[in-house]
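Using this note's numbering, you'd call the opening residue of the sequence shown number 1 and step up by one each time.
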Amino acid sequence: MAQNVSETEQFEVREPDMQRIPFVFNSPHSGRIYTQSFLEQSRLDGLSIRRSEDHFVDELFHSVTGLGAPLLLAHFPRAFLDVNREPYELDPRMFDGALPPHANISSMRVAGGLGTVPRLVAENMEIYHGRFPVAEALDRIETIYKPYHACLRRLIARTHVQFGLAVLIDCHSMPGNIRLAGTGQRPDFIIGDRYGTSAAADLSRTAVSLLEDLGFSVARNKPYAGGFITEHYGRPARGLHALQIEINRGLYVDEATLQKKKDFAMLAQAIGIFLGGLAAHVEKYAGNSSLAAE
1 MAQNVSETEQ FEVREPDMQR IPFVFNSPHS GRIYTQSFLE QSRLDGLSIR
51 RSEDHFVDEL FHSVTGLGAP LLLAHFPRAF LDVNREPYEL DPRMFDGALP
101 PHANISSMRV AGGLGTVPRL VAENMEIYHG RFPVAEALDR IETIYKPYHA
151 CLRRLIARTH VQFGLAVLID CHSMPGNIRL AGTGQRPDFI IGDRYGTSAA
201 ADLSRTAVSL LEDLGFSVAR NKPYAGGFIT EHYGRPARGL HALQIEINRG
251 LYVDEATLQK KKDFAMLAQA IGIFLGGLAA HVEKYAGNSS LAAE
């Protein structure tokens with residue numbers, strides 16, 4: 001359903017009563033407010049255009065404020081703007097007018113139709129009827145993308161100053177049919193740390209172990225190692241750690257109707273237990289040189 005949304009409602013930070021743990025949570029793809037003007041630009045129906053959403057991930061992680069950490073979440077949909085990309089990963093074939101010279105027009109993500117302003121939603125469905133003014137794409141970057149990242153940087157910097165380290169958890173979901181190459185395993189969760197470059201290995205291993213102890217099947221880095229956000233904000237040598245968490249949508253949503261399954265609340269509860277364990281581990285080992293800034 002189309003909704004009106006002002007610039008100030010494009011995203012929000014849900015704050016705890018007091019920040020008690022050195023974590024920041026981010027849900028950049030769970031936005032589900034589709035403006036009438038965007039729907040009129042699109043060739044897709046109201047259900048198909050939602051295929052790129054990380055459905056209800058913001059709700060699955062609702063417990064983090066109770067643990068004492070902020071949650072940044074998008075209201076704008078990923079099909080409209082993807083903040084888990086470089087700011088100017090843009091496909092010139094989508095627009096009327098010239099892109100700025102600093103635009104990255106040749107990345108693999110642009111080639112796949114999944115740039116900062118996406119051309120496709122999942123299952124390779126074209127979003128737009130045709131080209132639209134390049135100024136509109138650049139406006140989305142200026143008025144939404146840049147403020148979103150400025151907000152995320154502030155949350156991370158505040159956390160780092162307060163605790164001496166910061167752990168960013170970038171929260172996502174993946175299609176239920178994802179299987180691991182060579183094994184055929186269909187993981188419930190994938191923990192991504194950019195192959196050890198965005199977070200201390202101990203943190204990643206602990207995340208995997210905690211989820212496995214809860215009975216979930218877990219993979220690490222394959223096929224999702226983390227996107228722009230994980231890569232850009234993870235600086236372990238400075239005490240800045242970033243993990244991407246992918247949750248199998250088949251666990252909690254009917255992917256045909258996008259309706260929550262009856263086990264949704266149980267999964268959200270399990271995620272809360274997992275995050276509590278991860279926070280306790282970080283608190284216990286916060287002085288360890290692999291976690292704290294060197």
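Backbone N, C-alpha and C define an ideal beta-carbon position, used for all residues, glycine too.
Checklist entry - Under a Cβ-count criterion, where at least 16 other Cβ atoms within 10 Å of its own Cβ denotes burial, should P236 be classed as buried or exposed? => result Position 236 of the sequence shown, counting from 1, holds the residue named residue 236. Buried, by the Cβ-count rule.
Item to check | beta strand (DSSP E) segment containing I229, residue limits | outcome: Taking the first residue of the sequence shown as position 1, residue 229 is located at position 229. No beta strand (DSSP E) contains I229, which is instead part of the alpha helix (DSSP H) from F228 to Y233.
Item to check | Nearest neighbour of E40, chosen from G130, I105, N26 and L138 [CA to CA] | outcome: Here residue 40 corresponds to residue number 40 of the sequence shown, with the count starting at 1. Of G130, I105, N26 and L138, the residue nearest in Cα terms is G130.
Next on the checklist: Between L203 and F274, how many whole angstroms is the CB-CB distance? I'm expecting something under 8 Å.
Outcome noted: One-based indexing of the sequence shown puts residue 203 at position 203. One-based indexing of the sequence shown puts residue 274 at position 274. Between F274 and L203 the Cβ distance is about 13 Å, and since that is not below 8 Å, they are no contact.
Item to check | V24 - partner residues in DSSP beta bridges | outcome: On the sequence shown, residue 24 is found 24 positions in, with the first residue counted as 1. Answer is L168, bridged to V24.
Next on the checklist: According to DSSP, simplified to helix, strand and coil, what is D17?
Outcome noted: Position 17 of the sequence shown holds residue 17. Correct three-state label for D17: coil.
Next on the checklist: With H, G and I counted as helix, E and B as strand and the rest as coil, what does DSSP make of Q244?
Outcome noted: Start at 1 with the first residue of the sequence shown, and residue 244 comes out as number 244. In the structure shown, Q244 sits in a strand (DSSP, three-state: E or B).
Checklist entry - Tell me which same chain residues have a C-beta within less than 6 Å of the C-beta of D91, skipping the five on either side of it? => result By one-based count along the sequence shown, residue 91 stands at place 91. Answer for D91: V110, G115 and R119, listed in chain order.
Item to check | Neighbourhood of N26 by C-beta, 8 Å cutoff - its chain only, sequence neighbours within 5 removed | outcome: Along the sequence shown, one-based indexing puts residue 26 at 26. Around N26: L71, L72, L73, L152, L168, I169, D170, C171 and I229.
Checklist entry - Leaving out the 5 sequence neighbours to the left and right, which residues in its chain are closer than 7 Å to E9 when beta-carbon positions are compared? => result Start at 1 with the first residue of the sequence shown, and residue 9 comes out as number 9. Same-chain partners within the cutoff: H75.
Item to check | Unbroken beta strand (DSSP E) run spanning R205, endpoints | outcome: If you number the sequence shown from 1, residue 205 lands on position 205. Not the beta strand (DSSP E): R205 falls in the alpha helix (DSSP H), residues A201 to D213.
Checklist entry - My guess is that I271 and L60 are in contact by the Cβ rule of under 8 Å, so how many angstroms apart are they, rounded? => result In the sequence shown, the residue the question calls residue 271 occupies position 271. In the sequence shown, the residue the question calls residue 60 occupies position 60. 6 Å between Cβ atoms; contact.
Next on the checklist: Does N177 pass the burial test, meaning 16 or more other C-beta atoms within 10 Å, or should it be called exposed?
Outcome noted: Position 177 of the sequence shown, counted from the start, is the residue given in the question as residue 177. Classification for N177: exposed.
Item to check | Straight-line Cα distance separating A279 from G164 | outcome: Here residue 164 refers to the residue found at position 164 when the sequence shown is read from its first residue. Here residue 279 refers to the residue found at position 279 when the sequence shown is read from its first residue. Using only the alpha carbons, I get a separation of about 15 Å.
Next on the checklist: Applying the 10 Å Cβ sphere with the 16-neighbour rule, what's the burial state of E7?
Outcome noted: Numbered from 1 along the sequence shown, position 7 holds the residue referred to as residue 7. Below a pLDDT of 50, predicted positions are generally treated as unreliable, and E7, at 44, falls in that range; no measurement from the model is reported.
Checklist entry - Are at least three pairs of beta-carbons, each pair with one atom in the stretch 86-103 and one in the stretch 44-54, less than 8 Å apart? => result no
Next on the checklist: Taking the straight line between their C-alpha atoms, what separation do you get for L210 and V218?
Outcome noted: The residue given as residue 210 occupies position 210 in the sequence shown. The residue given as residue 218 occupies position 218 in the sequence shown. When rounded, the distance between both Cα atoms is 10 Å.
Checklist entry - Can you tell me whether DSSP reads E40 as helix, strand or coil? => result Indexing the sequence shown from 1 puts residue 40 at position 40. Three-state result, E40: helix.
Checklist entry - What do you reckon, are the CB atoms on D193 and A166 nearer than 9 Å? => result In the sequence shown, the residue the question calls residue 193 occupies position 193. In the sequence shown, the residue the question calls residue 166 occupies position 166. No. Outside cutoff.
Checklist entry - Thinking just about the alpha-carbon of each residue, which of D58, G112, Y285 and V134 is nearest to the one in A200? => result By one-based count along the sequence shown, residue 200 stands at place 200. Checked all of D58, G112, Y285 and V134; the closest Cα to A200 is Y285.
Item to check | Reference L138; option with closest CA among H160, H102 and K260 | outcome: One-based indexing of the sequence shown puts residue 138 at position 138. That would be H102, whose Cα lies nearest to the Cα of L138.
Next on the checklist: Looking only at its chain, what residues have a beta carbon closer than 6 Å to the beta carbon of Q19, apart from the 5 residues adjacent to it on each side?
Outcome noted: Counting from 1 along the sequence shown, the entry for residue 19 is found at position 19. These residues qualify, in order along the chain: G68.
Checklist entry - Per DSSP, F189 is paired with what? => result Taking the first residue of the sequence shown as position 1, residue 189 is located at position 189. Bridge partners of F189: V218 and I247.
Next on the checklist: Please classify D263 as buried or exposed, where buried requires at least 16 neighbouring CB atoms within 10 angstroms.
Outcome noted: Within the sequence shown, residue 263 is the residue found at index 263, counting from 1. So D263 ends up on the exposed side.
Checklist entry - Taking the alpha-carbon positions, what's the E12 to Q162 distance? => result Start at 1 with the first residue of the sequence shown, and residue 12 comes out as number 12. Start at 1 with the first residue of the sequence shown, and residue 162 comes out as number 162. Their backbone Cα atoms lie some 21 Å apart in a straight line.
Item to check | Burial state of P28 (16 or more Cβ within 10 Å) | outcome: Taking the first residue of the sequence shown as position 1, residue 28 is located at position 28. Label assigned to P28: buried.
Checklist entry - Which residue from S63, S48 and N221 puts its Cα closest to that of F189? => result For this step, residue 189 is matched to residue 189 along the sequence shown. Checked all of S63, S48 and N221; the closest Cα to F189 is N221.
Checklist entry - Is G234 buried or exposed, if buried means 16 or more other CB atoms sit within 10 Å of its CB? => result As a first step, residue 234 must be located in the sequence shown, where it is residue number 234. G234 is buried by the Cβ-count criterion.
Item to check | Close-in-space but distant-in-sequence residues of the same chain around D96 (CB under 8 Å, 5 per side omitted) | outcome: One-based indexing of the sequence shown puts residue 96 at position 96. Hits under 8 Å: R131, F132, P133 and V134.
Checklist entry - Under a three-way DSSP split, which group does H62 fall into? => result Along the sequence shown, read from residue 1 onward, the residue named residue 62 stands at position 62. Reduced to three states, the DSSP call for H62 is coil.
Checklist entry - Any idea if P100 is buried or exposed, counting beta-carbon neighbours within 10 angstroms, 16 or more meaning buried? => result Here the question's residue 100 lines up with position 100 in the sequence shown. Result: exposed.
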